[in-house]
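Reviewing the structure listed below.
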Amino acid sequence: MANLSDRFNVPLADSDPIQPCAPDDFEAIYEIINDAAQAYRKVIPSDRWNEPYMPREELREEIETGVVFWGYREKGQLLGVMGLQPVRDVTLIRHSYVRAARRSQGIGGKLLSQLKVQTDRPLLVGTWAAAVWAIRFYEKHGFRLVSPNEKNRLLRK
26 MANLSDRFNV PLADSDPIQP CAPDDFEAIY EIINDAAQAY RKVIPSDRWN EPYMPREELR
86 EEIETGVVFW GYREKGQLLG VMGLQPVRDV TLIRHSYVRA ARRSQGIGGK LLSQLKVQTD
146 RPLLVGTWAA AVWAIRFYEK HGFRLVSPNE KNRLLRK
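Residue 26 is where the sequence shown starts when you use our numbering, and the numbers rise one by one after that.
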């Protein structure tokens, strides 16, 4: 998927449940994103909702433009994914999803904790404003909500 050594602080033990995803994880990433995105179906405007939420072509494009996915595994099965994407002088957290059947078990928090130490740059995350559960999750992990003006300023840097 990407050569990570020059972008992120990668050294992890092989036994660590959180590892950078490999090219052969593509289908599992696709399944997790589209399974977990169902929770957002009622808060995403209908003109922005797709079925599937993220088509394979769009996922490939995201990876090709620099999103590096990390995954959480148990017994060899990918259960959650979260992407990092360097943009200018910040790093974006992109596509943070856990399989619906494994939600609320700490997987997202573990992924986020690992990804937070992968960059020294300011870390930004976006989610749908109506997804209050997602906003609470990020606030619980040290993020804060910023105004639309602040968001635009940070993304313009």
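The beta carbon of each residue, even a glycine, is placed where N, CA and C say it ideally should be.
From a predicted model like this one, the values you see are computed outputs, not experimental measurements.
**Asked** Shortest alpha-carbon distance to Glu86 belongs to which of Gly167, Tyr55, Ala61?
**Response** Within the sequence shown, residue 86 is the residue found at index 61, counting from 1. Comparing Cα positions, the closest option is Tyr55.
#### Entry: Val142 classed as buried or exposed, judged by whether at least 16 other C-beta atoms fall within 10 angstroms
Position 117 of the sequence shown holds residue 142. So Val142 ends up on the exposed side.
Identify which residue in Leu136, Arg178, Asn177, Val150 has its Cα closest to the Cα of Ile43. Translated into positions along the sequence shown, residue 43 becomes position 18. The shortest C-alpha separation from Ile43 is found at Leu136.
Point to revise | Contact the region 112-119 vs the region 64-72: 3+ CB pairs below 8 Å | key: no
To the nearest angstrom, how far is it from the Cα of Ser71 to the Cα of Ile160? Numbered from its first residue, the sequence shown carries residue 71 at position 46. Numbered from its first residue, the sequence shown carries residue 160 at position 135. Going from the Cα of Ser71 to the Cα of Ile160 covers about 20 Å.
(request) Taking all protein chains shown into account, decide if Val171 is buried (16 or more other Cβ within 10 angstroms of its Cβ) or exposed. (result) Within the sequence shown, numbered from 1, the residue matching residue 171 stands at position 146. Flag for Val171 reads exposed.
- Cβ atoms of Gln110 and Gly91: under 9 Å apart, would you say? Within the sequence shown, the letter at position 66 stands for residue 91. Within the sequence shown, the letter at position 85 stands for residue 110. Yes, the Cβ-Cβ distance between Gly91 and Gln110 is below 9 Å.
Per DSSP, what are the beta-bridge partners of Arg98 in this structure? Along the sequence shown, one-based indexing puts residue 98 at 73. Partner(s): Leu103.
Where Ile69 sits in the DSSP three-state scheme: The count along the sequence shown starts at 1 and reaches residue 69 at position 44. Note: Ile69 maps to coil in three-state DSSP.
Check your understanding: Between Ile58 and Val106, is the Cβ-Cβ spacing less than 9 Å?
Key -> As a working mapping, residue 58 is identified with position 33 in the sequence shown. As a working mapping, residue 106 is identified with position 81 in the sequence shown. It is a contact, given that the beta carbons lie within the stated cut-off.
In angstroms with no decimal places, state the Cα-to-Cα distance between Tyr97 and Asp60. Here residue 97 is taken as the residue at index 72 of the sequence shown, counted from 1. Here residue 60 is taken as the residue at index 35 of the sequence shown, counted from 1. Whole-angstrom Cα-Cα distance: 16 Å.
| said: Considering only DSSP beta bridges, list what Pro45 is partnered with. | reply: Residue numbering aside, residue 45 sits at position 20 when the sequence shown is read from its first letter. For Pro45, which the question treats as bridged, DSSP gives the partners Trp95.
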